[in-house]
Amino acid sequence: MLAFEMGALLRKRYGEFLGPYYMPDTNLSKSTALLISAGLWPPPEEQAWNETLAWQPVPYTYPSRLEDYEDIKVPNPKWAKHVKRKLMDIARLEFLMMFYNNLLRKLSGGALLQQIITEARTLVSNNKGPRLVVRTGTPVNVAALLSACVAPPPRLPDPGAALLFELHEKLPAPVQQEKNENAKAKSDSHSYGFKIYYWDDDSAEPRLMEVSGCSAFCPLETFNELIKYIVSYNYSKDCELVPTTKKDKH
3 MLAFEMGALL
13 RKRYGEFLGP
23 YYMPDTNLSK
33 STALLISAGL
43 WPPPEEQAWN
53 ETLAWQPVPY
63 TYPSRLEDYE
73 DIKVPNPKWA
83 KHVKRKLMDI
93 ARLEFLMMFY
103 NNLLRKLSGG
113 ALLQQIITEA
123 RTLVSNNKGP
133 RLVVRTGTPV
143 NVAALLSACV
153 APPPRLPDPG
163 AALLFELHEK
173 LPAPVQQEKN
183 ENAKAKSDSH
193 SYGFKIYYWD
203 DDSAEPRLME
213 VSGCSAFCPL
223 ETFNELIKYI
233 VSYNYSKDCE
243 LVPTTKKDKH
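If you're matching positions, the sequence shown starts at 3 in our numbering and goes up one per residue.
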């Protein structure tokens with residue numbers, strides 16, 4: 003339900019910007035599976051959840067490498083139920099430790115943050131690219147990205163929570179033509195920036211977030227300078243990963 007509301011919110015917020023039609027290069031087999039499911043399982047009256055939409059989500063699955071015990075009808079041991087509360091406490095502590103310092107924030111959200119910055123710069127320089135990029139992931143992914151660019155959230159985000167990076171163009175006030183080309187280039191680079199919104203189950207509308215050291219509208223260059231120690235340009239190097247190779251046979 004929350005995920006559908008997220009899509010409806012994006013339509014309400016960016017409807018005029020995106021336009022009414024969705025015409026992507028898409029994976030035909032996945033679309034076919036979704037269409038078959040929609041025709042096969044229209045919701046009966048007792049399962050209807052939206053008065054204007056005669057549809058219900060029907061996921062398609064594939065076997066995973068490690069099947070869940072409950073899915074194969076093998077009951078969990080009795081002791082598993084009694085330790086659930088302790089495991090939840092450990093999970094909360096683990097969540098706090100994930101984003102404890104800049105290095106951990108870089109390793110958890112820095113690579114995705116780098117992709118977002120690169121896409122924004124490409125769009126600004128070429129004026130080409132998708133008008134909307136949607137990435138789906140887990141609540142931990144949302145928390146990692148929020149920690150990387152704003153601050154760690156007080157708790158794990160709800161399923162369906164989202165971060166919205168809006169790229170805005172800030173038009174300069176009318177001024178005399180710059181004689182210095184370098185100054186003009188700098189002025190142009192600072193006319194584009196991010197507004198970052200966070201949305202979860204606690205709020206009806208996305209909340210505008212502020213990057214520490216910047217205003218609600220954060221120019222791209224300023225944003226990049228503020229989070230330069232968090233952005234990961236080479237994830238393998240940041241993790242100090244060394245590729246393994248097979249020894250030569252003699």
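Note that the Cβ used here is the ideal one computed from N, Cα and C, for glycine as well.
Which word fits residue i, buried or exposed, when buried means at least 16 other C-beta atoms lie within 10 angstroms of its C-beta?
| i | result |
| --- | --- |
| Phe19 | exposed |
| Arg107 | buried |
| Cys220 | buried |
| Gly139 | exposed |
| Gly17 | exposed |
| Leu115 | buried |
| Ile92 | exposed |
Taking the straight line between their C-alpha atoms, what separation do you get for residue i and residue j?
| i | j | result |
| --- | --- | --- |
| Asn52 | Ala35 | 22 Å |
| Pro154 | Leu166 | 16 Å |
| Lys239 | Arg157 | 30 Å |
| Ala113 | Glu242 | 15 Å |
| Ala163 | Asp202 | 4 Å |
| Asn2 | Gly9 | No answer is possible for residue 2: it lies beyond the span of the chain, which begins at 3 and ends at 252. |
| Leu55 | Gln49 | 12 Å |
| Pro161 | Gln117 | 23 Å |
| Val152 | Met211 | 7 Å |
| Pro59 | Arg94 | 30 Å |
| Ala82 | Pro141 | 24 Å |
| Arg15 | Pro79 | 48 Å |
| Leu134 | Glu47 | 35 Å |
My output table needs one value for residue i: the three-state DSSP class, helix, strand or coil.
| i | result |
| --- | --- |
| Glu171 | strand |
| Arg137 | coil |
| Cys151 | helix |
| Leu55 | coil |
| Leu166 | strand |
| Arg157 | coil |
| Met3 | coil |
| Trp43 | coil |
Query raised in the report: Which whole runs of the alpha helix (DSSP H) in the region 87 to 146 are 4 residues long or more, in chain order?
Result: 104 to 128
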